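Taking the working numbering, the leading residue of the sequence shown gets 9, the next gets one more, and so forth.
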Amino acid sequence: MKFYSYDYVLSQIGQQNGIMVGFGIVLLAVTGFFASKAYHDKEETKFRELVMISALALFSSAFGQHHDLSKQSSF
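Printed below as a string of structure tokens:
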């Protein structure tokens, strides 16, 4: 059985949080791009659907992070 130090576990959590923040920023940029394309092409629905899909993905990842943080603080 392998045991890890508390500092190692905290560094791994910090690294994972950094990756999730980067993913959120990229997803926010993609959502903004599709929103601007949907605004300029009001007749086409494909960009509107992409905005909805990416906004839902952004919301679910933000909610998942909030849920994980609330579980960690309850210990």
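Note that the Cβ used here is the ideal one computed from N, Cα and C, for glycine as well. Just so we're clear, the structure is a prediction, and the values are computed from it rather than from any experiment.
For the alpha helix (DSSP H) that F41 lies in, which residues bound it at each end? Taking the first residue of the sequence shown as position 1, residue 41 is located at position 33. Counting along the chain, the alpha helix (DSSP H) containing F41 begins and ends at Y14 to H48.
Burial state of V59 (16 or more Cβ within 10 Å): Counted from its first residue, the sequence shown places residue 59 at position 51. V59 should be labelled buried.
Would you report the Cα separation of T53 and L64, rounded to the nearest angstrom? Indexing the sequence shown from 1 puts residue 53 at position 45. Indexing the sequence shown from 1 puts residue 64 at position 56. Their backbone Cα atoms lie some 17 Å apart in a straight line.
C-alpha gap between F71 and T39, whole angstroms: Locating residue 71 in the sequence shown gives position 63, counting from the first residue. Locating residue 39 in the sequence shown gives position 31, counting from the first residue. Rounded to whole angstroms, the gap between the alpha carbons of F71 and T39 is 17 Å.
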